[in-house]
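To keep things clear, I will list the structure first and then write my remarks on it.
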Amino acid sequence: MNSKLLGIFKPKILVPAVFAVVLIGFVLSLGDIKKVGQDIVSFPRGDAALFFLLTVIYEVVRGVQWFYFLRGMKVKVDLRRGIFAFVGGEAAKSLPAGNYFQNYLLEREKGVAVAYTASGTTITVLLEVVVAVVYLIVAGISGWAWLRPVLIVGTLAVIIAALIVVKLDIHAHPPEWLGQRKFYQWAAKQGKTFIQGAETFVTPKSLAIGLGLAVVYLAAAGTEYYIVIRALGNTNVSIWNAMSAYLFGLGVGLILPVPTDIGVQEITGVGALTALGMETTKAVSVTIIFRILNLVSSLLIAVVTFAILHDEFRDAFSSRQGSGKIPEGAATGE
């Protein structure tokens, strides 16, 4: 059998795939599969087109954030190569470690170390978690009285833990045998590069601008969730409640150490929507249709972008390897 085909049976690929399939299967088992199928087939084309338009807005605003963070990290990349890396990462976002695929593509395109630009991607993820937590503390989810106290206590615990680490200046001093291990040495080097990237661009101003952009594109995604809900005839869930359901699923998917968010967001979404009073089968339909439209829209945008940026696509997947360098001025931020 072809070695490339055998590659899909590697644990790092097979396990997340099985994990996602099992979770999606569980979600479908919660409702009437036949009715869910009918909802998928009969979904209005006009609403699907509106969903795609909002996805374009989501991608554009998120792309602006991506370029803003790259600029802060002193990464000089031309528009075409930057767009290629970003869109490729967006298309792979639901895969294991997919959020960081754009950093891999940027290394292939520009030679900048993955760990260096990964600091910007990590800040993006953290900002999305902040938006989700703050919104859910303010808006909540009716039927889940426990949600606000859990979020408030959890947030305070994280802040206190972070302050303790900073105040005590805690550093890891591994035993000699561990320090001599090649994997530990590699991980320590990557961690140092990651910190260099973060120190170069993280300022109150950059975080505020990044947070503002995150609010805008997450609002677009939450509106997509609402469009799906309305298209299926559910009028008792407001757009603000739809935002809560979407952000709850997003937040859980980003916080939990799971190999892929496929299935996780669907389970949490069904739970949130039923708590808001939606019938279970309809809730299943909403989460499944949202996932389908989201994946199709992202892939369509990626295909069109790759077709336009065919030279960048060829270069990125050529045999050459990225040099893993750090931009000049990264250590000092100058």
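Following the working numbering, the numbering of the sequence shown begins with 28 at its first residue and continues without gaps.
Virtual Cβ for every residue (Gly too), placed ideally from N, Cα, C.
At the C-beta level, A119 and F128 come within 8 Å of one another.
Here the stretch 322-336 makes no contact with the stretch 263-278; the two share fewer than three CB pairs at distances below 8 Å.
Boundaries of the alpha helix (DSSP H) harbouring D74: 72-99, taken from the DSSP string.
In the three-state DSSP reduction, V141 falls in the helix class (H, G or I). In the DSSP annotation of this structure, I289 is not part of any alpha helix (DSSP H), being labelled neither H nor E. Every alpha helix (DSSP H) stretch that sits fully inside the stretch 117-172 and reaches 4 residues is listed by chain position as 128-137, 141-166. G138 and K103 have their C-alpha atoms spaced approximately 11 Å apart.
Nearest to T144 by C-alpha distance, out of L97, V180, A248, is L97.
The criterion of a C-beta distance shorter than 8 Å is not satisfied by G73 and S146.
Three or more Cβ pairs closer than 8 Å define a contact, and the stretch 82-93 falls short of that threshold against the stretch 214-223.
Each of D342, G237, V156 was checked against the Cα of Y95, and the nearest Cα belongs to G237. Buried is the label assigned to T332, since at least 16 other Cβ atoms lie within 10 Å of its Cβ. In the three-state reduction of the DSSP assignment, R318 falls in the helix class. The same chain holds no residue with a CB closer than 6 Å to that of P176 once the five nearest residues on each side in sequence are set aside. Take D66, set aside five residues on each side of it, and the residues of its chain with a beta-carbon closer than 7 Å to its own are L259, S312, I316, in chain order. Counting the other Cβ atoms within 10 Å of the Cβ of I168 gives 16 or more, which makes it buried.
The C-alpha of E251 is placed about 11 Å away from the C-alpha of A76. At the C-beta level, Q92 and T151 come within 8 Å of one another. T230 and M305 have their C-alpha atoms roughly 42 Å apart. Cβ-Cβ distances below 8 Å link P71 to A258 in the same chain, with the five nearest sequence neighbours on each side left out; the list follows chain order.
Between V180 and G278, the C-beta gap is not smaller than 8 Å, which leaves the two residues out of contact. The beta carbon of N263 sits closer than 7 Å to those of G304, all from its chain and outside the five residues before and after it, given in chain order. Note that the C-beta distance between L55 and V63 is below 8 Å. The Cβ-Cβ distance between K309 and N261 falls below 8 Å. The beta carbon of Q292 sits closer than 8 Å to those of G276, L277, V279, G280, T314, R318, all from its chain and outside the five residues before and after it, given in chain order.
Straight across, the Cα-Cα distance linking T227 with A235 is about 16 Å.
With respect to E339, F111 sits close: the two C-beta atoms are nearer than 8 Å. C-alpha of I187 to C-alpha of L283: approximately 20 Å in a straight line.
Ranking G58, V83, N130, F79 by CA distance to the CA of F221 puts N130 first.
Spatial neighbours of M270 in its own chain (CB-CB distance under 6 Å, excluding positions within 5 residues in sequence) are listed in chain order as G249. Secondary structure note for V104: it is in no alpha helix (DSSP H), with a DSSP letter that is neither H nor E.
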